[in-house]
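The block underneath contains the structure these notes are about, expressed in structure tokens.
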Amino acid sequence: MKAFFESKWFPIIAYLVTMVCWYFQIQLPTICFAAASIILIIVSGAKRINIVTLIFAGIISYRTTSYEGNFWPFLIAGLIVVPLSVYDLVRRKASLKDPIFIALALCFLSGLVSLVNVKREYLNYGIAGIFQPLIFAYLYLYLWNSKEKEDFRRVSESATWLSVAITLQVVIFLLTYEGQVLGKRINLGWSSTNSLAMMYLLLFPLTLYLYLDKGEWYVLPILGLDVAALFLTLSKGAYLAFAILLIPFLVYVYKDINNKRQFLYGILMFAVFAVLALGVMFAIPSIREGALEYLRKMSERGWFNDKARIEIYRYGAEVFKRYPLFGSGIYTAKPYLIEKGYSPELKHYHNYVIQCLATVGVFGLLAFGNFILQIFRKAWKHPYNIAVAFAAAAMLLHGLVDNTWHNPIIMTVMTVYLAFLVDGKKIDSKQ
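Position 22 (the sequence shown) corresponds to 17 in the working numbering; numbering is contiguous.
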């Protein structure tokens, strides 16, 4: 059993189960497979890094089903997996002395304190919301205490597998799309168009790191497809973040790489694959017309003249003024926006600073700021760390106009990344 989980077949089977369940819109097999696999990984003594494969595969398995519809399977699986993982931590004599874990714990505390301002009719939102930072803190603690040497390489492999699976989902969506014009209508169930753009921004640096680390040429077309799919999302925030960070990232990598000629050749091949993929995509009428229509609307309105979004920012600021210290309550953006007359589909204030101030107040913003500070204090010196730092920077830039850090899927992936950062002190000791 241990040999199976540590073989090349395990991620293939995990993503196969995910893709089948996503396509047929059933989640129960995915939940059962993931829960059983986690239990067997712990019991058999397999490397805990294999749990990352299950996490990444699991977050993209949802299509039209809901978390509420699978409440009981989730609850039963959680009642078995969580106590077992706690026992695993205790057995390993887990340490709590990590700045990022402490920062996540403070984020949880800020959310907990914010509940004092939650209206009675919105209490269910606050209670549901408080579990998110708690889960992220625990996930980080477990993975950080369970990691082994070289596990960071497996994380980059898992990120690449995830990007491939997402791209396959996009292709399937396009092949089965029945509309005349695509535009910003990509809906994979677990992700809308903007969330999809965030995911590609998050996965690109780690996939590029995998190529730099292993030099495997098969990664280049994956990178090309990632960039093509990113442009397909028509997300201005993603475009801006990608444009600002791509050149600095490549320049930084170029300075420290040994075989600069091979690197430049690889980047050229990656660009060729991206252009080819874009050419194929925009040869499809529904994609081409959707892109042209979007460009026309943006030109008429003004690329950065989004009055509707500015009104959302202003309303978030009004909520903050009512509850400046602790906010209106964690996860209460949606009911407050509904109260103002916005659509129930709008769940956030489209800016992580406004989101923090409105829902968890100044205390919450300080806790979040400390979390970001600890990321950049720790993510340095090692190439994997630098890739994670650029992924975090992309979320900071994109999050100025959208929901990144308060998106549970984005935070799950980022939490995994952070748990496997290479310790700078260990790097210094080897030099």
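Think of the CB as a built atom: it goes at the ideal place given N, C-alpha and C, for glycine as much as any other residue.
Between which residues of its own chain and residue i is the CB-CB distance below 8 Å, once the five residues before and five after are set aside?
i	result
LEU207	VAL248, ILE252, PHE258 and PRO378
ASN182	PHE168 and THR188
LEU218	PHE199, THR202, LEU203, TYR206, PHE265, PHE268 and ALA269
LEU395	GLY232, ASN346, TYR347 and VAL348
SER90	ASN140
GLY419	LYS373, TRP375, LYS376, HIS377 and ASN380
LEU240	PHE385, ALA388, ALA389 and LEU392
ILE367	ALA387 and LEU391
ALA72	ILE26, CYS27, ALA29 and ALA30
THR13	THR25, ALA52, GLY53, ILE55, SER56 and ALA160
Where do the ends of the alpha helix (DSSP H) carrying residue i lie?
i	result
ASP221	214 to 227
VAL348	347 to 373
LYS302	302 to 317
TRP400	No alpha helix (DSSP H) holds TRP400; DSSP gives it neither H nor E.
TYR337	TYR337 -> no alpha helix (DSSP H), and no H or E assigned at all.
PHE415	Per DSSP, PHE415 belongs to no alpha helix (DSSP H) and is neither H nor E.
PHE265	255 to 277
HIS393	378 to 393
MET193	188 to 209
ARG283	280 to 296
SER109	94 to 109
VAL248	231 to 251
LYS(-3)	-3 to 0
Determine the burial state of residue i: buried for a count of at least 16 other Cβ atoms within 10 Å of its Cβ, exposed for fewer.
i	result
LEU229	buried
VAL314	buried
SER109	buried
SER141	buried
ASN346	buried
GLU474	This structure cannot settle anything about residue 474, because the visible part of the chain is limited to -4 through 426.
TYR120	buried
TRP156	buried
THR171	exposed
TYR260	exposed
ASN45	buried
GLN20	exposed
PRO403	exposed
PRO6	buried
TYR213	exposed
TYR10	buried
LEU70	exposed
ARG256	exposed
PRO330	buried
TYR18	exposed
ILE242	exposed
TRP33	Position check: residue 33 holds Ile in this sequence, whereas Trp was assumed. Classification of ILE33: buried, given that the 10 Å Cβ count is 16 or more.
THR149	First, the amino acid is wrong: residue 149 is Arg here, not Thr. With 16 or more Cβ atoms within 10 Å of its Cβ, ARG149 is classed as buried.
ARG296	exposed
ARG58	buried
ASN112	buried
Tell me which residues share the same chain as residue i and place their Cβ nearer than 6 Å to its Cβ, disregarding the 5 neighbours each side in the sequence.
i	result
ALA399	Going by the sequence as given, residue 399 is Thr instead of Ala. Closer than 6 Å at Cβ, skipping near neighbours: MET193, MET390, HIS393 and ILE405.
PRO128	CYS102, PHE103 and GLY106
LEU197	ALA386 and VAL408
ARG87	ASN140
ILE37	LEU79 and ASP83
For residue i, I'd like the list of residues in its chain whose CB is within less than 7 Å of its CB, leaving aside the five on either flank, ordered along the chain.
i	result
CYS16	GLN22, PRO24, THR25 and SER56
TYR344	ILE307, TYR308, GLY311, ALA328, GLN350 and ALA353
ARG283	PHE277
ASP93	TRP139
HIS401	HIS343, TYR347 and GLN350
GLN369	PRO94, ILE95 and ALA98
ALA132	PHE96, LEU99, ALA100 and PHE103
ALA286	LEU229 and PHE277
PHE244	PRO200 and PHE385
ALA224	THR162, VAL165 and TYR195
ALA414	TYR135, LEU138, TRP139 and LYS142
LEU332	LEU341
ILE54	TRP185, ILE404 and THR407
GLN426	In this prediction, GLN426 has a pLDDT of 45, which is less than 50 and means its spatial position is unreliable; what the coordinates show is noted afterwards. No residues qualify anywhere along the chain.
*May I have a chain-ordered list of the alpha helix (DSSP H) segments no shorter than 4 residues that lie completely inside the region 19 to 89?*
23 to 39, 45 to 54 and 66 to 86
*Any alpha helix (DSSP H) of 4 or more consecutive residues that is wholly inside the region 138 to 176*: Fully enclosed alpha helix (DSSP H) runs of 4 or longer: 146 to 171.
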